[in-house]
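Colleague: First, the structure itself, so that you have it in front of you.
Numbering (this note's numbering), first residue to last: 338 to 604.
Here is the structure:
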């Protein structure tokens, strides 16, 4: 198992390649992305067990979306049932990854709660926060602590479902490989994060804001297709960076941009 080390500009390319992949089959990719989100939302509202169940099946569902991207990339035709294809491959490891991620998330929330004065918890529960309360609280520090603690957890999860499903790797090993690959490629991931903020939030917000000055109705109409495009493209960009870093199980790596003797394989 090799984790290719990529230059920083590849982070920008992942977004472009995600858009190109979506354009090849927008219907399938949009269905898979929103089917993933809708399934998690519906399951999570089930009393008592909903949140736990949605966390445990999240990796398997994400593999279904990646399988849709993989089929589009290979030019293969698949049906809507591709969303459930992740449940047919190494399901035990995928559920374990979901469980570890859930436990890690709870630990992060507990640790953040030790430094939070309640403002962040209030915002998470209600979805909004009083401006004066935010000004008088340590919300900024709490958010910084949450970011620092959650980043390693996200790094361990990022590639783990794909590694478990496509390479049949056990959950702990998949999460270790994922963390290592993200750490080794922190430069392209930093560029990728900047690209997401720029093209996923700033530019669409600016365009809709300008349209709002011309016509509020036009701005409202323009805001509807934005998530219909951005969310599937975001999922497709996940596939693009996974393909770039690890290649594909068939050995058809998209591109290896480092000399072979510079590629390291974690033990």
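C-beta: ideal position from N, C-alpha, C; glycine also.
Bear in mind the structure is a predicted one, so any value in this text is a computation, not a measurement.
Helix, strand or coil: which one does DSSP assign to residue 340?
Modeller: Your numbering for residue 340 matches position 3 in the chain shown. Residue 340: coil per DSSP, three-state reduction.
Colleague: Would you give the residue range spanned by the alpha helix (DSSP H) that residue 354 belongs to?
Modeller: One-based indexing of the chain shown puts residue 354 at position 17. Note, residue 354: alpha helix (DSSP H), 347 to 361.
Colleague: Taking its Cβ as the centre, do 16 or more other Cβ atoms sit within 10 Å of residue 488, making it buried, or is it exposed?
Modeller: By 1-based counting over the chain shown, the position of residue 488 is 151. Residue 488 comes out exposed.
Colleague: Do you know offhand how far residue 367's Cα is from residue 530's?
Modeller: Stepping through the chain shown from its first residue, residue 367 is reached at position 30. Stepping through the chain shown from its first residue, residue 530 is reached at position 193. C-alpha separation (whole angstroms): 22 Å.
Colleague: Hey, residue 420 and residue 477: beta-carbon distance below 8 Å or not?
Modeller: The count along the chain shown starts at 1 and reaches residue 420 at position 83. The count along the chain shown starts at 1 and reaches residue 477 at position 140. No.
Colleague: Indicate the three-state DSSP secondary structure (helix, strand or coil) for residue 562 in the structure shown.
Modeller: Looking up residue 562 in the chain shown gives position 225. Three-state result, residue 562: helix.
Colleague: By alpha-carbon positions, which one of 498, 534, 554, 362 ends up nearest to residue 411?
Modeller: Sequence index remark: in the chain shown, residue 411 carries index 74 (1-based). Answer by Cα proximity: 362.
Colleague: If you compare alpha carbons, which of 537, 475, 575 is closest to residue 515?
Modeller: Counting from 1 along the chain shown, the entry for residue 515 is found at position 178. Closest by alpha carbon: 575.
Colleague: Taking only runs of the alpha helix (DSSP H) that begin and end inside the stretch 390 to 464, which ones reach a length of at least 4 residues, in chain order?
Modeller: Those alpha helix (DSSP H) runs which fall completely within the stretch 390 to 464 and span 4+ residues are 428 to 452, 456 to 463.
Colleague: Would you check if there are 3 or more beta carbon pairs closer than 8 Å linking the stretch 339 to 355 to the stretch 387 to 404?
Modeller: In short, these stretches do not touch, since the Cβ pair count stays below three.
Colleague: Assign residue 674 to buried or exposed, taking buried as 16 or more other Cβ atoms, counted over all protein chains shown, within 10 Å of its Cβ.
Modeller: Examination of residue 674 is not possible in this model, given that the chain is present from 338 through 604 alone.
Colleague: Helix, strand or coil: which one does DSSP assign to residue 535?
Modeller: As a working mapping, residue 535 is identified with position 198 in the chain shown. Helix at residue 535.
Colleague: Check the C-beta distance from residue 346 over to residue 518 and give it rounded, since I have them as a contact under 8 Å.
Modeller: Taking the chain shown and counting its residues from 1, the one referred to as residue 346 is at position 9. Taking the chain shown and counting its residues from 1, the one referred to as residue 518 is at position 181. With 8 Å as the limit, residue 346 and residue 518 do not qualify as a contact, their Cβ atoms being about 18 Å apart.
Colleague: List the endpoints of the continuous alpha helix (DSSP H) containing residue 477.
Modeller: Stepping through the chain shown from its first residue, residue 477 is reached at position 140. Run containing residue 477: 476 to 495, per the alpha helix (DSSP H) assignment.
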